[in-house]
Amino acid sequence: MLEFIQPAQPDPLWAMLSAYRADLRTDKLDLIVGVYRDEHGQTPTLRAVQQAETLLASEGDSKSYRGLTGNDAFNQAMTHLLLPPALHPRTTTVQTVGGTGALRLLCDMIASIHPDATLWISNPGYINHEPIARKAGLQVRHYPYLDPHGALNEAAMLDRLAQAKPGDVVLVHGCCHNPSGVDLSADQWATLSAFLQEKRLVPLIDIAYLGLGNGLTADTTGLRHMAETLDEVLIAASCSKNLGLYCERTGCAMVIGKSPTARTHIQSLLENLARSNYSMPPDHGAAVAARIMHTPALNALWMDELEQMRLRIRQLRHALTDQIAALGDYPALAAIRHHKGMFSLLPFDKPQMQQLRREFGIYGTDAGRINLAGLTEKNLPYLAQALVSTLHTDALDQEMVS
Ligand SMILES: Cc1ncc(COP(=O)(O)O)c(C=O)c1O
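Quick note: the sequence shown uses my numbering, first residue -14, plus one each step.
Here it is, written out as structure tokens:
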């Protein structure tokens, strides 16, 4: 049997990371993977997490099996964090193996109820959305997201989504769009909600960077509007970034149905799908998150730490674009200032991204994504200079061609 295995396509991000590690230059920059780093280049364990872990360790709770829906206190806290109380009776929340597990469980659910459904994802979009949906057996189609200047292209997006059939599912990033950092405005959320309602399409909102865009409450504005206006909404939430619980695999899937009576069926389907996959999610990360969110002092500490992370990224955006402005007028790069969350999509093609790596040891993805949180105040001027030089190369090449 095993001799029939075909080598799988290596994940481009992890392959890039290996190339970065093998690079001997001391001024190289890793802006690849979506992980927050502090000013020392470290991914810290939050103090709120450490304190919750100390409390949990001292209590020595049993390691016996939990239920199929995971940690109830966590599910309750996440429901309160994301949704207004009026929606709680219609909401089923189950803990999952990170945000990825939530996406997969929801795709499995869609495939089991509606095997002909297509999942519509943004282009550009998160690199793992399509593989997750396809492995769950769903068809995938793309909707355009950005115009040639890198701004949200609402008209093109709705135009393509007009091809969706009733019952199809549209994946929307709750905030801090990965990879572009370009989010929907409140008006655009309202327009999209009305469009989905009219076309009888169901949103799947992936919210993996809650708190890192405009703040914990502001980042739920669009999601809440959609949840309050539509009959059915699916949500995949991750605590990897905003609680720094990456390796603890902590997240949840939420399903908002038309009425509270639908909950029993939804929950039994989700339990059934989880049972035949991983049975139940790991408890530790969820127990930590639940302890933080249910303990006012720890919750306040977490909010403060999360806000510090958000402000650091924002400050890096401002400092980088100030540095670029000092070098000249580059509107294509100036937009980085207003993007949300960790990522920005550079206005560079693959050869330019390769040039950044080759000439400057600056590693982003081939599609042009960089993680701003991988920067420090010290290496900002180096990045600004490298971006401007790479932009210039493109302009010169084009002059020579034309
Ligand atoms: C848009 C998006 N969704 C989901 C995830 C998955 O998060 P997790 O690490 O919790 O599985 C990520 C992780 O990078 C992401 O960027």
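Think of the CB as a built atom: it goes at the ideal place given N, C-alpha and C, for glycine as much as any other residue. Predicted model, so just to flag it, every value in this text is computed and none were measured.
(Q) For residue 312, tell me which candidate among 10, 183, 4, 372 has the shortest Cα-Cα distance. (A) Mapped onto the sequence shown, residue 312 falls at position 327. Nearest C-alpha to residue 312: 372.
**Q.** Beta-carbon spacing of residue 367, residue 15 below 8 angstroms
**A.** The residue you call residue 367 lines up with position 382 of the sequence shown. The residue you call residue 15 lines up with position 30 of the sequence shown. Not in contact: residue 367 and residue 15 (Cβ atoms no closer than 8 angstroms).
**Q.** Counted within 10 angstroms of its Cβ, other Cβ atoms place residue 223 as buried (16 or more) or exposed
**A.** Position 238 of the sequence shown, counted from the start, is the residue given in the question as residue 223. Flag for residue 223 reads buried.
Q. Are the CB atoms of residue 375 and residue 341 nearer to each other than 8 angstroms?
A. As a first step, residue 375 must be located in the sequence shown, where it is residue number 390. As a first step, residue 341 must be located in the sequence shown, where it is residue number 356. Yes.
Q | beta-carbon residue 73 near ligand 1 non-hydrogen atom, thresh 7 angstroms | A | Residue 73 sits at position 88 when you count from the first residue of the sequence shown. The answer is no for residue 73.
Q: Verify the contact flag: residue 85, CB atom, against every heavy atom of ligand 1, threshold strictly below 7 angstroms.
A: Numbered from its first residue, the sequence shown carries residue 85 at position 100. Yes, the Cβ of residue 85 comes within 7 angstroms of a heavy atom of ligand 1.
Q: Can you have a look at residue 25 and say buried or exposed, based on whether 16 or more other CB atoms are within 10 angstroms of its CB?
A: Counting from one through the sequence shown, the residue named residue 25 turns up at place 40. Answer is exposed; the Cβ neighbour count stays below 16.
Q) When the Cα of residue 53 is compared with those of 359, 80, 280, 273, which residue comes out closest? A) In the sequence shown, counting from the first residue as 1, residue 53 sits at position 68. If we check each option's Cα against that of residue 53, 80 comes out closest.
Q: Kindly indicate which three-state DSSP category residue 348 falls into: helix, strand or coil?
A: For this step, residue 348 is matched to residue 363 along the sequence shown. It is a strand residue.
Q | CB-CB length for residue 20 against residue 231, believed under 8 angstroms | A | One-based indexing of the sequence shown puts residue 20 at position 35. One-based indexing of the sequence shown puts residue 231 at position 246. With 8 angstroms as the limit, residue 20 and residue 231 qualify as a contact, their Cβ atoms being about 7 angstroms apart.
Q: On the DSSP bridge assignment, give the partners of residue 222 in chain order.
A: Along the sequence shown, one-based indexing puts residue 222 at 237. Per DSSP, the beta-bridge partners of residue 222 are 192, 237.
Q: Please name the residue in 300, 327, 248, 333 whose C-alpha comes closest to that of residue 317.
A: Numbered from 1 along the sequence shown, position 332 holds the residue referred to as residue 317. Checking every option, the nearest Cα to that of residue 317 belongs to 333.
Q. Within the present structure, is the beta-carbon of residue 219 separated from the nearest heavy atom of ligand 1 by less than 7 angstroms?
A. Taking the sequence shown and counting its residues from 1, the one referred to as residue 219 is at position 234. No, since every heavy atom of ligand 1 falls outside the 7 angstroms radius drawn around the Cβ of residue 219.
Q. Three-state secondary structure (DSSP) at residue 323?
A. Along the sequence shown, one-based indexing puts residue 323 at 338. It is helical.
Q: With a threshold of 7 angstroms, establish whether the CB of residue 111 neighbours any heavy atom of ligand 1.
A: Sequence index remark: in the sequence shown, residue 111 carries index 126 (1-based). Yes.
Q) Using the C-alpha atoms, what's the distance from residue 100 back to residue 233? A) By 1-based counting over the sequence shown, the position of residue 233 is 248. By 1-based counting over the sequence shown, the position of residue 100 is 115. So the two alpha carbons sit approximately 32 angstroms from each other.
Q) Would DSSP call residue 30 helix, strand or coil? A) As a working mapping, residue 30 is identified with position 45 in the sequence shown. Residue state, collapsed to three classes: coil.
Q.
Closest to residue 129 by C-alpha separation, out of 137, 122, 123, would be which residue?
A. For this step, residue 129 is matched to residue 144 along the sequence shown. Per the Cα distances, 137.
(Q) Suppose contacts are defined by Cβ-Cβ distances below 8 angstroms. Is residue 296 in contact with residue 369 by that definition? (A) Walking along the sequence shown from the start, residue 296 turns up at place 311. Walking along the sequence shown from the start, residue 369 turns up at place 384. For residue 296 and residue 369, no; Cβs fall outside 8 angstroms.
Q: Spatial neighbours of residue 201 within its chain, please: CB distance less than 7 angstroms, with the 5 preceding and 5 following residues excluded, ordered by chain position.
A: For the purposes of this step, residue 201 is taken as the residue at position 216 of the sequence shown. Contacts found: 195, 288, 291.
Q) What did DSSP end up calling residue 126 once you bin it into helix, strand or coil? A) Mapped onto the sequence shown, residue 126 falls at position 141. The answer is strand: DSSP assigns residue 126 an E or B state.
Q) What is the DSSP secondary structure of residue 230, counted as helix, strand or coil? A) The count along the sequence shown starts at 1 and reaches residue 230 at position 245. In this structure, residue 230 counts as coil in the three-state DSSP scheme.
Q | beta-carbon residue 19 near ligand 1 non-hydrogen atom, thresh 7 angstroms | A | Taking the sequence shown and counting its residues from 1, the one referred to as residue 19 is at position 34. Indeed, a heavy atom of ligand 1 lies less than 7 angstroms from the Cβ.
(Q) Applying the 10 Å Cβ sphere with the 16-neighbour rule, what's the burial state of residue 329? (A) As a working mapping, residue 329 is identified with position 344 in the sequence shown. It is buried - the Cβ of residue 329 has at least 16 other Cβ atoms within 10 Å.
**Q.** contact_flag[the segment 272 to 283, the segment 21 to 40] where n(CB pairs < 8 angstroms) is 3 or more
**A.** yes
Q) Can you give the Cα-Cα distance for residue 165 and residue 324, rounded to whole angstroms? A) Translated into the one-based positions of the sequence shown, residue 165 becomes position 180. Translated into the one-based positions of the sequence shown, residue 324 becomes position 339. About 7 angstroms.
**Q.** 7 angstroms CB neighbourhood of residue 251 in its chain, flanking five on each side removed
**A.** Working through the sequence shown from its first residue, we reach residue 251 at position 266. Excluding residues within five positions, the ones whose Cβ falls inside 7 angstroms are 77, 240, 242.
Q) Skipping 5 residues on each side, what residues in its chain have a beta carbon closer than 8 angstroms to that of residue 117? A) Numbered from 1 along the sequence shown, position 132 holds the residue referred to as residue 117. So the qualifying residues of the chain are 85, 88, 89, 92.
**Q.** Nearest to residue 181 (by Cα), restricted to the options 57, 154, 159, 170
**A.** Residue 181 sits at position 196 when you count from the first residue of the sequence shown. The shortest C-alpha separation from residue 181 is found at 154.
Q) At what residues does the beta strand (DSSP E) containing residue 330 begin and finish? A) The sequence position of residue 330 within the sequence shown is 345, counting from 1. Counting along the chain, the beta strand (DSSP E) containing residue 330 begins and ends at 328 to 330.
Q. Is the Cβ-Cβ distance between residue 18 and residue 356 less than 8 angstroms?
A. On the sequence shown, residue 18 is found 33 positions in, with the first residue counted as 1. On the sequence shown, residue 356 is found 371 positions in, with the first residue counted as 1. Against a cut-off of 8 angstroms, the Cβ pair of residue 356 and residue 18 comes out as a contact.
Q) Alpha carbon to alpha carbon, how far is residue 5 from residue 276? A) Taking the sequence shown and counting its residues from 1, the one referred to as residue 5 is at position 20. Taking the sequence shown and counting its residues from 1, the one referred to as residue 276 is at position 291. Near 37 angstroms, if we compare the C-alpha coordinates of residue 276 and residue 5.
Q. Under a Cβ-count criterion, where at least 16 other Cβ atoms within 10 Å of its own Cβ denotes burial, should residue -14 be classed as buried or exposed?
A. Position 1 of the sequence shown, counted from the first residue, corresponds to residue -14. Exposed, because fewer than 16 other Cβ atoms sit within 10 Å of the Cβ of residue -14.
Q) Helix, strand or coil: which one does DSSP assign to residue 264? A) In the sequence shown, residue 264 corresponds to position 279, counting from 1. In the structure shown, residue 264 sits in coil (DSSP, three-state: anything other than H, G, I, E or B).
Q: Assign residue 159 to one of three DSSP states: helix, strand, or coil.
A: Position 174 of the sequence shown, counted from the first residue, corresponds to residue 159. Residue 159: coil per DSSP, three-state reduction.
Q: Helix, strand or coil for residue 308, going by three-state DSSP, please let me know.
A: The residue given as residue 308 occupies position 323 in the sequence shown. Here residue 308 sits in helix by DSSP.
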